[in-house]
Structure formats: structure tokens, C-alpha cells
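Participant: Protein sequence lines correspond, in order, to chains A and B. Numbered as in the working numbering, the first sequence ends at 720 without a single skipped number. Numbered as in the working numbering, the second sequence ends at 1720 without a single skipped number. Built from N, CA and C at the ideal position, the CB exists for glycine as well.
Number of protein chains: 2
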Amino acid sequence: MGYARWLILLVIAAIFVGAPRMAAAEDGYELWLRYPPAEASLAGGYRNAARGLVPGENSPTIQIATTELTRGLTGMIGQAPAPSDTVADGAILYGTPASSPLIAGLGIDLADMGSEGYAILSRRIDGHDVTVITANSDVGVLHGAFEFLRLMQTAQPVRDLDIRSAPKVRLRVLNHWDNLNRTVERGYAGQSIWDWQTLPDFTPVLYSDYARANASVGINGTVLNNVNANAQSLTAPYIAKAAALADLFRPYGIRVYLSARFSSPIEIGGLDTADPLNPQVQAWWKAKADEIYRAIPDFGGFLVKANSEGQPGPQDYHRTHAEGANMLADAVAPHGGVVMWRAFVYSHEQPDDRAKQAFDEFAPLDGQFRDNVIVQVKNGAIDFQPREPFHPLFGAMPQTPLMMEFQITKEYLGFNTHLAYLGPLYEETLQSDTYQRGRGSTVARVVNGALFGDTLTGMAGVANIGSDRNWSGSHFDQANWYVFGRMAWNPETRARPVAEEWLQRTFSNDPAFVGPVTEMMMGSREAVVDYMTPLGLHHLMDTGHHYGPGPWVDDLARPEWNPTYYHQADAGGIGFDRTATGSNAVAQYAAPVAARFADLATVPEQDLLWFHHVPWDYRMKSGRDLWDELVLTYDRGVASVAAMRQTWASVEPQIDAQRFAEVSTFLAIQEREAKWWRDASLAYFQSISNRPLPEGVTPPPEPLEYYKGLTFPYAPGNGA
Amino acid sequence: MGYARWLILLVIAAIFVGAPRMAAAEDGYELWLRYPPAEASLAGGYRNAARGLVPGENSPTIQIATTELTRGLTGMIGQAPAPSDTVADGAILYGTPASSPLIAGLGIDLADMGSEGYAILSRRIDGHDVTVITANSDVGVLHGAFEFLRLMQTAQPVRDLDIRSAPKVRLRVLNHWDNLNRTVERGYAGQSIWDWQTLPDFTPVLYSDYARANASVGINGTVLNNVNANAQSLTAPYIAKAAALADLFRPYGIRVYLSARFSSPIEIGGLDTADPLNPQVQAWWKAKADEIYRAIPDFGGFLVKANSEGQPGPQDYHRTHAEGANMLADAVAPHGGVVMWRAFVYSHEQPDDRAKQAFDEFAPLDGQFRDNVIVQVKNGAIDFQPREPFHPLFGAMPQTPLMMEFQITKEYLGFNTHLAYLGPLYEETLQSDTYQRGRGSTVARVVNGALFGDTLTGMAGVANIGSDRNWSGSHFDQANWYVFGRMAWNPETRARPVAEEWLQRTFSNDPAFVGPVTEMMMGSREAVVDYMTPLGLHHLMDTGHHYGPGPWVDDLARPEWNPTYYHQADAGGIGFDRTATGSNAVAQYAAPVAARFADLATVPEQDLLWFHHVPWDYRMKSGRDLWDELVLTYDRGVASVAAMRQTWASVEPQIDAQRFAEVSTFLAIQEREAKWWRDASLAYFQSISNRPLPEGVTPPPEPLEYYKGLTFPYAPGNGA
């Protein structure tokens, strides 16, 4: 055999095996969609179950499914299943009953699968064992194809399958806080992936890979631009740019939405008002919606941040949030669009507890919104803190659909260099019981619509995606994107199995890796709580960038911008009294919850200082006084990170060198910064409490003034 | 053979062949350092010449050479040469005479190779045919290793080699106009590759790959931060960050430099003056230099933009540029550092022709600078226009080393989406004859020090590198980085062979590709001149972003910010009179050059309107009047881009789909924007000239007001 022929053979072989040089450069771009060879003990069975591909009638979406199945199977089992239109042993049939007569002939009941769910079923046809991936739509089929590949990625059997899954939430959307100049507010993964300058002409592979990744975890919408919106996003050139993305995302089952600046009629419409009851304003929005839908027939709708943090809104004209939202809802309703109206508001003039304001503003509006409005509520009442009690609005607006807004990007959790798996945070919120319809009225059941029978349901995640090669600024931050998708698909999903499967898909199936690293992930968010804001403390981050500690900050223009407003520490004690003797924010919860939070005997200690101002010598369940407990909790946070480093060091043999090194470096940064958080916080709180550190605790190595003097003018994420 | 063994064999095979899936995803990250399999007709000979690697004593730099040779040879000839310490047929010996006794024994004369040059010699040792790559330093050996690989990449023989090459310029540096918040002034390739937030801890592979790419074209220095400098860059935390980069770059032979803000003693030093003659200021800079050199022992020195465009400088204290530069020079001199002092100045108060000001400011200072100061002069007297006559300072300061400043990033040449190969621009400048020591006194001979015997020589390139996956924002912009490196190594280098070899290394050796695409590249910059600023017009770009045409702009605060200042068009004619009847800028050139430019009979038509104000009916060499010529030249520019698109379409079979598609898209954008440039310019100039378009020319499709009304508030590169 001549050298050239030998070369050609090797090239072909390498294609089938999966390119090892690529595997050698594990830079994170592949996310959880890596398809390394399956273990030898499984590969034989997998090959038998994936000998051929029998697609339904071709469509762009089916083509994507075919590409993905080919890519995945080729990588994992070393053979590209042959495309075919007849059934043989090991055939994978995929398509809808409408697009595949073979599948139609099986009479599969898809009544509960909706427009996006899927079934994966092992069947026998004409004496042949086959796998059927089917759904009511091609997008459902695509979801099923990803699920089938996931089974192999996670070393599960693919015989005797009887899997059915349909999303429990209708709108599963990413919110990109991306500006037109490509800065990303609270983004720590480089700049915006949207290169508005070269859109609509240039749509790099990156954009398709973004859609592919989202589709693989069931995300079905994306709000392209920052909620602190720029009216330019609604001008013709930018609509054309958004349309190019919508065209690209459509076959992946992903709709495009835009954040709308409420004052756009003035800024780009030439009107002198944006009053939602003004007919000209209403007509302007209707015309604008028509214009958008001409370019993007399946445009999802608008996301609006109004009358919050300086954004314009209906209250500028003495109208309610409902009146503002309904005007936009009327504009998109003829096209099937929705309005996602954010409840994250606090007023410039309102002196009351900031934690109460969204509830006070929105609860009275229950029932006043149009059917195609959904109110988007952050998980907690302040602002994406490492821990917050669930937002009291959940369950409190029975006649209004509420959607969850989680933050995937780690604005307050150490940016991209701190490892904090947010699955436990999401689960903690979703599994919180609002008691609004008695026991079991969990937030999850508000979000999935079960509690009040909502058909319009949704979950939003503030994206952590940027131009960084690994998408999210760190390898482990990919897990937060992933778990958001999983929990949006079904809010009853638990964090731990998602961590496990993400690790398997992203790194390795080796139990010696998955076991300890799952534990590391599961404890990681609690570590951040401990070293930043333990025992219910919150909003102690330094001004503006939210990077590093600033519990001493007390000189900002508005009281609720200052950390001292939130911790209320003085010589006598610490904590924000939100009981009846204080702001009485607890009263916004259903009675059983309010009672539990209001009573020192029943309030969870993790929320203690969120709801109560207590003396430094308050006796904790541990028997220690509060001051000692606080100090030891800070210390425990640092120790947790040290333990995470040890765990990670122990798995070096199991994974690739590049990702191992990067994670190691980031964990080292995290440990140093955890110490900084502890030391700065203790130096400050000790200056208030005037109490000695418990025995054995290392005192801060620097005086308080040192920590106060640190500045970070170029910390990322300010969006400027 | 079991499946697992078969798999292992295939994996190993794939490593040797070069991974085809990687080749399939040609995203540009590999730059010109791609190593696809050599043609079968050459591979045999290459394999015989590269059977083994015999390195000199190991060092970080030799290790890099080993890695590169292994990577390159494995890719190109399908075999990893075995490391060895004995000589056999096909051995490659690489090292210095000091590090390799085998090489020392050959008695090779390296006297002219300096500290960075290399020799590649075919030799016979003990009856074995070997290749010797040697130099006076390990970095020289590394340069030789890249050159050896280049021979194979470009399908050249590697037998009977007798290659010697040493750089003709000492400082070959990139200037990064990168800000601490990761914006890049005039950057069109994403954000800064320097992630200051995670430095010094995290040094991703990207940084090593940056150094590797630069070393491969002979670049030996990098100024990390914007010339519009931030004093924070000189604080301890940022020095530590720069030191981490310096440590990484050192084995590649690349030194780190910093832009220094002249007022740093005030801003970060607590002084109340930055007067260069003030002893406290001098002491502060000396201490600062000492601090930097403790962290970076081979720190290159400072780059300074002073008293220009609002930057602070010595003139704030009524001191000269020389006094300012010398103070800094004294601070770094004990450590062997240099000061690169920019001559790009124009005064806020100076009403004279902006083109004259740098010369007027600097020429009188000749001889007043310290030995370790080099004055950095842009290629032309205005500002990186598509075409400028060479800067009159070149050759005019015989007692002062001058270094060239080219712009690699395309601030005024259509950003990243316009294809403009800048090799011809660089060559045109370098081959311009200043006549300052008679005929043959080319700019190249000023820059390489030959004309005046300078030993301190340099060439700076304003980098086009950013966080984009393909480094430069487009595949063809990589060529501008490449040709800059080549011409910095030797200013006598010509643009065409560099284009050819870059295409071979980056895309394909196929003559059916290289031939037409070389032609396309060679004509591409002239096309931009034609559709933007033909016949010596300049600075007609719209305000601020420099994207798109703005010849009508006349309302900016300072006259020399307005395009109307530069074109001087009125009903009678057009052009800037820089002869004795006008600003007399021509008098800054040596007499023969001045006479040639001043005389309408001898001035090159490409520079006509740079030097002369002429009537619309001025007769051109073509026989046409100026107006018609102007219109037809604009038209020709558009036609050139259309022809470029045709050329590119014709080579589709020769290259990979991904890069083909991206370049095609960008060329389509370029053609549309070339038309926009032509149409807007003609609409405007016709409104001034009131003359009809020549027959056959398509009139602008929109009225002038349309073009005036276009705004691009989010065009990239403003650095804000």
C-alpha cells in the first residue's frame, strides 16, 4: 500500500475515532457536548443499538438532529451510523408521526408531549430491534436526539428504553445583559458574543454552536440585549441584525426576544411622550411590533425593566406597571408575542425597606395584566445575593403568571474565578414552600403553573455567556448554564444529579472523578455564602463592581445602596429587623411562612440576620454566641475552599491537563479571595462588635484601613 | 486484535497524521503555524531530512524549539523525529556552539548573526547528512527552527541548505493600544487579549501562543498597554501582572515594555508636579524604574505619547520633548532600558498645517536626546491614512535614532471586514527615498540604521490582535501582523513574496490558490485608497469612529479634526496646498524631494491632492480632467473589490469551507461599503464641484443628506 493510500486510510480512521489532537486541547469550547469514545465494555452494545439512522422527512431541524447524532455516535462508538430509509437491526428512527410513515405506523401516544417534548422508545419492527425518537414537532425530535446521546455520554443503557419528557415551563429563556458596544453588564466571560458590527451579514459558527448548546438543555428563547435597554435596538438596522440571529436559531427551536426601552417612542420615534395611555404612543408600539414581526415572524416578545434604577417607565406618566405592560402586550398580541415585565423595582423616593418594594408595587396589580403578560420576579427580594429567602411575590399573585428570574452569571458570587455551582441555590428557591395554597405550594409549582393553573409560564436566566473560548469564563461556570436549562425544563429537577451528569458529559465518567467532584460542586455555593455573607447577611459587596468586600460602605447617595443599610451592625448587635418591630417585610409572606421567619425560635439560622437584628451574644443552636458563630462561619468558608482545592488536586490523573490547570489556578485565586473576604469582614465587624476572636481563629493580617483602601476600578462586568 | 487495541492504534495514528477534525474546523487560531501533511512528492525527502532531533543543552527556549519542531514535523511528514544525542542520517542538530559540543565542533562562523540571528546549514558529520540550526543564543536557534519549518510549509527543498539571517532592526515591537478595562482603542478583533483581572495568577495557553506567533516572525518586544496611558499600569499590582507576562514571553525572546503616562508622579506618586527637571520627579521615576526592574529584570523600557491629543507631557512645564524623554531615559539607563518617545504630536493651540507640526517640534531637538532614547515616527505626517507620503522626519534627524511606527490594525482602512494587505503600504514607505544623504537615502536605511550608523534601531506596529478566535478579527488581517514582523526583521523585505509565503503557510501551497490570491492581496490596499481617499485625499473619515465617509464634516471644535480642512474643496477645485503658496510643508523634505512634490509636473498623481490645490478641470496624465479622474478612481476602487470577490469565489475548491465562507462574507460587506464610500463621496464632492458625472458612471442612489444622516454610535474601536 502506497504512502498516500496509507495516509488517506489513517485520515479516515482518525475521523471515525475522534481527533485526539482536539482532545488534547481541551479548551472548554465543546461544553457538555463532547463525545469521546465510550468505555470498551459499553461500546459494543452501543454500536449494536446505533447501526443506522432513519430520519423522518428532512427539514432544517431534522438535519441538525442528523448532524448531531452522526457527530455524537461517531465520537462515542467509532462508527458513523449509515443513513437509511429502511429498518434494520440497530436502526434509530427519528422524526414526527407526520414526517415518518414508519413512526406513524407505531401509533405512539404523544398527547402529553406538547410541542417540544419527546419520547425515546425501544421497539421491534419487522423482527428488528430499533430505537424510536419521536415527538409532535421536529424540535421535540431534536431534544430527543440530544437526550439519546446523553444516555451514552453518561454510560447508561440504551436498550429497553421508554423515556418520555416534556417541558413543564413554556418560556425557558436566557437574558443577555449585553450592550450594543459589546460590553456585558455583570459579564465575566469576555465581551458579548453578539458582534453587532458584522451582523446581519456575518453569522459565525459560534452563533450556531450557541443555539446548539441551548437546544441541548432545552432552552427555547433568548433575549439578546440588556434589560437596561438602548432604544437603538429597536431601529431598523438592529431589527435586521436580530432577524439574522432569529433565522439561525429557529431550527434549534429558539426564539429571539428583545429588551425594550420604555421611552423608545421619544428616543427613536420622534414623539414627545411615552405615556402608555397616549394613542400615538400605542400606535407607535403597534407599528414597531408589526415591523419586528415582518422581519422575525416568530419573534418572542419584549422584556422590560421599567421604573427601576433610573430606567424610564409608566410611572413617569403616573401610570401603573400594568398599564405600561398592557400597552406593549396589545402591540405584540396579534402576533402571538408576550411581554415579560420585570418586578425588580425600587423607587428613588421610597424610604421603606427595599426588600418590600417589589411586592408592595406589584401585588396590588394582580389581575390587571393582559393574558400575554408574565411578570418576571427575581428569586429573592434584594438582588441575586449568595443566599436570599424566596421572593414573597411567588404565590402572592394568583391571577398573574409569574416567571422566575435566576442569575446564571455570578455578579455577587465571585465572578468567574470562584467556583460556585448554583444548582443548590436554584433548587433551594424552587423547593421553598410559599404556603399560599397551603403546604406544598412551592415556588416550583408557581413557576410551572401548577399552583394556579397558569398556561403562560417561564423561567429566565441572566446569561453567563461571553466571547471567552470556554463560553462562561471558567469551566465550572458552564455547569450553571446547564443546570439552569435543566431546571427551566422541569423546576422539580434536583441539583445533585444534574451536577453528576454535567461532570460526566463535560469531563469524565470515571466514578473516582465524578464522586468527589460532585461533592465539591454541591458544597461550593454554601462555601461562598460562608465566606461572603453568612447567617443571612447580604449585600456587603463593595460599590459598583460587586467584587470583594465592602461592609463598611456607608457614604453612597441612597441608603439602600450602602452595605451598612443591610447589616445594621452596631455595638449592640447585627442584622436587619424585618419583623413587626422593624420593616415587617415578613408580613409579605403567607402566614405560616411569616410566622416561621418572624420567630427567633423557628427562623432558619441561615436566614437569621436577613430577618432579625440580634445581639452579638445571641445564643445560636450550636451553643456559641452569634459573634463567635459568625467568625467561625467565615472561617469555615475559607476552609471549604481549601478542601475544594484538595479535592481537585486529587483528581488530576482523571482529566486533561489544560482544564485541570485552569481550574487549579482559579481555585487558588478563590482561596486567596475567600481569605480576603473573611479578613476584611472580620476586621470590620470586630471594629463594631469590639469582641475578641474565638480561640484558634487567625486574626486578619492587615488592619481594617488596608481593606478599605483597596480599589478595583477595572474589575469586569460594570458594562461600561 | 481487540477493539481497544485497535482504538489505541488509531488514536496514535491520528496523532501522527494530524487531526483531520481540527483541520475541518479551520477557525484561524493556528495562524500561519499550521502544519498539514506535506505533498506526497516532497514528504519522502522531508522525512529523510528529519529523522531525529539532536538538541543542545536544554533550556526553556530550546524546549520550545523542540516542541515546535516535533509539532511541525509530525504534522507535515507524519513522523515525530526521535530525540537523540548522537548523530545519524537525517538528524537535525539545533543549539548554540556553547550548548552543543557537536555544533561547536563544526566551527561555524556566527560573527554576523548577533544575538538573534541564525544559520541553517546542511552538513556531513561522520558520514551522516544532517541539518544544523545554530546561533549565538537559544532565541536565535528558535528563530532558525521556525525558519526550517517554514521551508517545509512552503514546499521548498531542505537539502544543501546554507541560510543565514540576522535582524536588521534591534527593536521589533508590537504596540497594544489596550486599556485596563480590556477595550482596545482602534481594535477590531474583540477585546484585549490581556485579562488583567486574572493576571498574574492565570496565564492561559493563549498567552504562550501569542508569544509563539510573534517569535515565529521575529518580533521581540511588546508594549502591553495603550499609548494613551493609564498611570495605574505602573502601580505594584499591574507591575506584577506585567511581570507574569514577561516571565511567559522571556523564553520566546520577547521583552515587555509599558506605555508610561507622563503625569504618573502626580497621579500615583503623590507629587504635585511631573516637571522633568524637578529632582523629586526624577527620583520618583528612578525608583519606579528600579521597582519595575526588580519584577522584570529584562524590562524593555517605556513608550511615551506626550503633549499630543490631550496627553500630559513636558511642555506642560515649558520643557522640551527631549527634556522629558531624557528624564525617563536616565531612569531606565542603569538597567539597559530604552525610551521610545513618540513624535506624533500636534498642538491644541498651533494653527499651522497639522502635517508640519511633528517635524517643526522634533527636528530642532536633533542631538539633544540621550543615547537610549529612540523617537518613534508614524509612517506619514498625518495619521495612518490609506496613503501618505513618507514622514519628513525620516532622514531629518541624523543625530537621533528614529523608529518607524506602522499601524497594523486598520483604523482608517475599513476595520476588520475590509481586506487590505498592508505589505505594499509598508514597502512604499520604507522604499521612499528621503534624499537626505543623496539618492538612495531610503526610509528603510534610516530605520535599519544604515544611513546614519545608528545602533539603536526599531520598528513598531500598532497591533491588530484581540480576543477573537482568529486573533485579528479576520483571516486576512493575520497577514498584516505577519508582514509587519517580516519587515521589522529586515526593512528591505518586499511585500509580494511575504504575501505568497503567508498564503502558503496559512491556506495552501496550491499554485492555483496562491497565484490569484497573491494578486488579490497585492492590489487590495490600492483598492481601499481608490474607494476612500484617491489621488492624495486624506482624513475624510467620519468623526470619532473613522468608519465610513464624512468628507462633509466641518463643525468639529478644532479645524484639523474636520475632513473639510484636509480636502479644501470649493467650487474652484480641491486639495491641500502644501507648496510655498500654501503651508509649504514640502519644504520639510530634502530639496530634491521637496521640488518633486512641489511641482505639478513631477508630483506623483497618487499624492496630487495631498500637496496641491488644483482646479476641477486640471488636466491629468490620462487626459481626463481632475473631476472625471476622481470619479473614475472612486469607481475603480469599487470595481477592484468586485474583482476581489470574483477571485475569491474562484478558489473555493482549494481551501476549507469555514474560512472560505467567512472571507466571502467579509468581501461582500467590503463591496457594499466601498460603494457607500464612493456614493457618499461623489454625492458630496458633486455638491461642491457642481460638475456632471462622467458618462457611464452610476450616480449615487441616495441624496447627500442620506449619507450625512447615517450614524454609527457603536462602531468598534473607540476604546470607550
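Using a C-beta cutoff of 8 Å, does residue 714 of chain A count as contacting chain B?
Facilitator: yes
Participant: Just mark residue 1287 of chain B as buried or exposed, buried being the case when its beta carbon has 16 or more other beta carbons within 10 Å.
Facilitator: Exposed is the label assigned to residue 1287 of chain B, since fewer than 16 other Cβ atoms lie within 10 Å of its Cβ.
Participant: So what does DSSP say about residue 406 of chain A, is it helix, strand or coil?
Facilitator: strand
Participant: Buried or exposed: residue 1646 of chain B, going by 16 or more other Cβ atoms within 10 Å of its Cβ?
Facilitator: exposed
Participant: Which word fits residue 306 of chain A, buried or exposed, when buried means at least 16 other C-beta atoms lie within 10 angstroms of its C-beta?
Facilitator: buried
Participant: In whole angstroms, give me the CA-to-CA distance for residue 1396 of chain B and residue 1472 of chain B.
Facilitator: 34 Å
Participant: Identify whether residue 1082 of chain B lies in helix, strand or coil by the three-state DSSP scheme.
Facilitator: Here DSSP, grouped into helix, strand and coil, assigns residue 1082 of chain B to strand.
Participant: Note down, in chain order, all residues in the stretch 1180-1196 of chain B with a beta-carbon under 9 Å from any beta-carbon belonging to chain A.
Facilitator: 1180, 1181, 1182, 1183, 1188, 1190, 1191, 1195, 1196
Participant: Tell me whether residue 1306 of chain B sits in a helix, a strand or coil according to DSSP, three-state version.
Facilitator: DSSP places residue 1306 of chain B in coil when its eight states are reduced to three.
Participant: Can you name the residues of chain A whose CB is closer than 8 Å to the CB of residue 1050 of chain B?
Facilitator: Here the premise fails: no neighbours, minimum Cβ distance about 15 Å.
Participant: Is the Cβ-Cβ distance between residue 1226 of chain B and residue 1267 of chain B less than 8 Å?
Facilitator: no
Participant: Taking Cβ-Cβ distances shorter than 7 Å, what residues in chain A pair up with residue 1668 of chain B?
Facilitator: Within chain A, the residues whose beta carbon sits less than 7 Å from that of residue 1668 of chain B are 201, listed in sequence order.
Participant: In chain order, what residues of the same chain lie with their CB nearer than 8 Å to the CB of residue 421 of chain A, ignoring the 5 residues before and after it?
Facilitator: 476, 479, 480, 483, 495, 499, 521, 522, 524, 525
Participant: Report the rounded CA-to-CA distance for residue 1620 of chain B versus residue 1610 of chain B, giving the unit in angstroms.
Facilitator: 15 Å
Participant: Is it the case that the CB of residue 84 of chain A approaches a heavy atom of the ligand PLP more closely than 7 Å?
Facilitator: Annotation note on the ligand PLP: not contained in the displayed structure, which lists no ligands.
Participant: Which term fits residue 1020 of chain B, buried or exposed, when burial requires 16 or more other beta carbons within 10 angstroms of its beta carbon?
Facilitator: A caution first: residue 1020 of chain B carries a pLDDT of 34, below 50, which makes its placement in the model unreliable, though a value can still be read off. By the 10 Å Cβ count, residue 1020 of chain B comes out buried.
Participant: CA-CA distance, residue 1230 of chain B and residue 1139 of chain B?
Facilitator: 32 Å
Participant: State buried or exposed for residue 555 of chain A, treating a residue as buried only when at least 16 other CB atoms are found within 10 Å of its CB.
Facilitator: Answer is exposed; the Cβ neighbour count stays below 16.
Participant: Return no unless some Cβ of chain A is closer than 8 Å to the Cβ of residue 1198 of chain B.
Facilitator: Yes, residue 1198 of chain B counts as interfacial toward chain A.
Participant: Report the residue ranges of all alpha helix (DSSP H) runs contained in full by the stretch 510-561 of chain A; include only those spanning at least 4 residues, in chain order.
Facilitator: Within the stretch 510-561 of chain A, the runs of alpha helix (DSSP H) at least 4 residues long that lie entirely inside it are, in chain order, 511-532.
Participant: Quick check: the Cα distance between residue 1626 of chain B and residue 1617 of chain B, rounded to an integer number of angstroms?
Facilitator: 5 Å
Participant: So who's on the other strand from residue 1459 of chain B, going by DSSP bridges?
Facilitator: According to DSSP, residue pairing for residue 1459 of chain B in a beta bridge involves B:1172, B:1404.
Participant: Identify the contact partners of residue 1698 of chain B in chain A, using a Cβ-Cβ distance below 8 Å as the criterion.
Facilitator: Per Cβ cutoff of 8 Å: no residues; residue 1698 of chain B is ~22 Å from chain A at best.
Participant: With DSSP as the reference, label residue 129 of chain A as helix, strand or coil.
Facilitator: Here residue 129 of chain A sits in strand by DSSP.
Participant: Tell me which residue opens and which closes the beta strand (DSSP E) that residue 1163 of chain B is part of.
Facilitator: From DSSP, the beta strand (DSSP E) with residue 1163 of chain B extends over 1162-1165.
Participant: What are the start and end residues of the alpha helix (DSSP H) that includes residue 1259 of chain B?
Facilitator: Here residue 1259 of chain B belongs to no alpha helix (DSSP H); instead the beta strand (DSSP E) covers 1255-1259.
Participant: For residue 948 of chain B, which of helix, strand or coil comes out of DSSP?
Facilitator: Given a span of 1001 to 1720 for chain B in the structure shown, any question on residue 948 of chain B remains unanswerable.
Participant: Would a check of beta-carbon distances place residue 1434 of chain B closer than 8 Å to chain A?
Facilitator: no
Participant: Return the bridge partner residues of residue 55 of chain A from the DSSP annotation.
Facilitator: A:94
Participant: How many Å lie between residue 319 of chain A and residue 276 of chain A at the Cα?
Facilitator: 7 Å
Participant: Is it true that the stretch 1341-1357 of chain B meets the stretch 1427-1441 of chain B, where meeting means three or more beta-carbon pairs spaced less than 8 Å apart?
Facilitator: No: the two stretches stay apart, fewer than three of their Cβ pairs being nearer than 8 Å.
Participant: I want to see whether chain A comes within less than 8 Å of residue 1063 of chain B, judged by CB atoms only; does it?
Facilitator: no
Participant: Which bits of chain A does residue 1665 of chain B rub up against, with CB to CB less than 7 Å?
Facilitator: 201, 202
Participant: What is the rounded straight-line gap between the Cα of residue 689 of chain A and the Cα of residue 682 of chain A?
Facilitator: Straight-line spacing of the CA atoms in residue 689 of chain A and residue 682 of chain A works out to 10 Å.
Participant: Contact criterion: CB-CB distance below 8 Å. Does residue 1219 of chain B meet it with respect to chain A?
Facilitator: no
Participant: Could you check the C-alpha separation between residue 1594 of chain B and residue 1588 of chain B for me, to the nearest Å?
Facilitator: Residue 1594 of chain B and residue 1588 of chain B: Cα-Cα distance of roughly 7 Å.
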